[in-house]
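Colleague: If you're matching positions, the sequence shown starts at 85 in the working numbering and goes up one per residue.
For every residue, glycine included, the Cβ atom is placed at its ideal position computed from N, Cα and C.
Predicted model, so just to flag it, every value in this text is computed and none were measured.
Structure in structure tokens, see below.
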Amino acid sequence: MGAAMDAAVFEAFRRLIYDKSGIALRNGKESMVNARIAKRMRELGLHDPREYLRLVREDDSGGEIVRLLDAISTNVTHFYREPQHFDFLAVCMDEWLRRGERRFRFWSAAASTGEEPYTMAMTLLEACRGYDADVKILATDISTRALARARAGIYAAEKMEKVPPDLRDRYFRRRPADRGAVMYEAKDELRRLVSFCRLNLSETPFPMKGPMDMVFCRNVMIYFDNDVRRRLLEEIERLLKPGGYLLVGHAESLTSMLIDFATVKPSIYKKPA
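Spelled out as structure tokens, the structure:
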């Protein structure tokens, strides 16, 4: 059993995590942080969080802070999460295609293990059937561990339950796994639309130039304070095309911080044309 994390060590981790990721940990999260880093400490043969804190601080390569942020990051997601957003995406895509537009760029800002950008890709491929359209999705996350799973594009059968069977069979191939389990792997048609890369949303400005037609930045700003949110939203506004859309999580109310955007409906905002 390792040593418990005291208040001073937690505060040091909290400052470090905020400085490196923008994630603002609330008071009372000592046990959560302790539990999240426990596996890495065991791998390193460490027993005291102070030892691990010292190692992170002294690692000039930067690799250990990435592993710490991997451990701390919350990667809760599933296919078709908050499905109204994908319905909205399909409606917008149909309208744009009917207007004669053929080049589209999208951003999944907190892509986690890939379910969101792959759902976007399925929605867009279905909307584009019969059209010759140039569609790309940029999918980013701070967690290298989550991105590795997203790039692999392999999901257990229970993870696919919210995917309509016809879309599952069209865009994923069934493959056997150990002990008789069933897994599904994204087909090339789906993968071609999505590019994954690591991005820290608290480190602005971003390297992308835009313009983006739509940005999904859902259920991530709840972990940031207002300073980080403001910088992130300024970058999203820069990257969106005039008339482009920002979609956030249903639990995230940003009206007071998006005074230059029009509210289309709760959690959906439009940049002025």
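I'd like the ranges of any alpha helix (DSSP H) spanning at least 4 consecutive residues and lying wholly in the region 316 to 340.
Modeller: DSSP runs (the alpha helix (DSSP H)) wholly in the region 316 to 340: none.
Colleague: Measure the CB-CB distance between ALA223 and ALA195 and report whether it falls below 9 Å.
Modeller: Yes, the pair counts as a contact, with Cβ atoms nearer than the cut-off.
Colleague: Name the two residues that bound the continuous alpha helix (DSSP H) containing PRO133.
Modeller: Its alpha helix (DSSP H) spans residues 133 to 142.
Colleague: Is the region 189 to 203 close to the region 161 to 173, with three or more CB pairs under 8 Å?
Modeller: Contact between the region 189 to 203 and the region 161 to 173 is present, because at least three Cβ pairs lie under 8 Å.
Colleague: Going straight from the alpha carbon of PHE345 to that of ASP225, what length do you get?
Modeller: Their Cα atoms are separated by approximately 25 Å.
Colleague: Our contact map puts MET298 next to LEU316 with C-beta atoms below 8 Å; I'd like the distance itself, whole angstroms only.
Modeller: Contact doesn't hold; Cβ gap of about 16 Å is too wide.
Colleague: Of the residues CYS176, PHE170, VAL219, SER145, which one's Cα is nearest the Cα of ARG187?
Modeller: Of CYS176, PHE170, VAL219, SER145, the residue nearest in Cα terms is VAL219.
Colleague: Answer yes or no: do ILE152 and LEU109 have a C-beta to C-beta separation smaller than 9 Å?
Modeller: Reading off the sequence, residue 152 comes out as Leu, not Ile. Against a cut-off of 9 Å, the Cβ pair of LEU109 and LEU152 comes out as no contact.
Colleague: Taking buried to mean at least 16 other C-beta atoms within 10 Å of its own C-beta, is TYR255 buried or exposed?
Modeller: By the neighbour-count rule (16 or more Cβ atoms within 10 Å), TYR255 is buried.
Colleague: Apart from the five residues just before and just after ALA261, which ones in its own chain have a Cβ nearer than 7 Å to its Cβ?
Modeller: Contacts found: MET267.
Colleague: Based on DSSP bridge pairs, tell me the residues matched to LYS354.
Modeller: According to DSSP, which records beta bridges pairwise, LYS354 is partnered with TYR329, ALA346.
Colleague: Does the Cβ-Cβ distance between VAL358 and TYR353 come in under 9 Å?
Modeller: Here the chain covers residues 85 to 357 and nothing more, so residue 358 does not appear.
Colleague: Quick check on SER340: buried or exposed, where buried means 16 or more other Cβ atoms within 10 Å of its Cβ?
Modeller: It counts as exposed.
Colleague: Relative to the alpha-carbon of ASP253, which residue among ARG263, ALA234, GLY264, LEU274 has its alpha-carbon at the smallest distance?
Modeller: When only C-alpha atoms are compared, the closest one is LEU274.
Colleague: Return the CA-CA distance between PHE280 and GLU321, expressed in angstroms with no decimal places.
Modeller: Spanning the two alpha carbons is a distance of roughly 21 Å.
Colleague: Out of SER115, MET116, ALA335, LEU137, which one is the CA nearest neighbour of MET125?
Modeller: Considering only alpha carbons, the answer is LEU137.
Colleague: Using a 10 Å radius around the Cβ and a threshold of 16 neighbouring Cβ atoms, would you call MET239 buried or exposed?
Modeller: First, the residue type needs correcting, since residue 239 is Tyr and not Met in the sequence shown. It counts as buried.
Colleague: In angstroms with no decimal places, state the Cα-to-Cα distance between PRO326 and GLY294.
Modeller: Going by the C-alpha atoms only, they are around 11 Å apart.
Colleague: From LEU277 to ALA205, what does the alpha carbon distance come to, in whole angstroms?
Modeller: Distance between the alpha carbons of LEU277 and ALA205: 6 Å.
Colleague: Beta-carbon separation of LEU231 and ARG282 under 9 Å?
Modeller: Yes; because the gap between Cβ atoms is below 9 Å, this pair is in contact.
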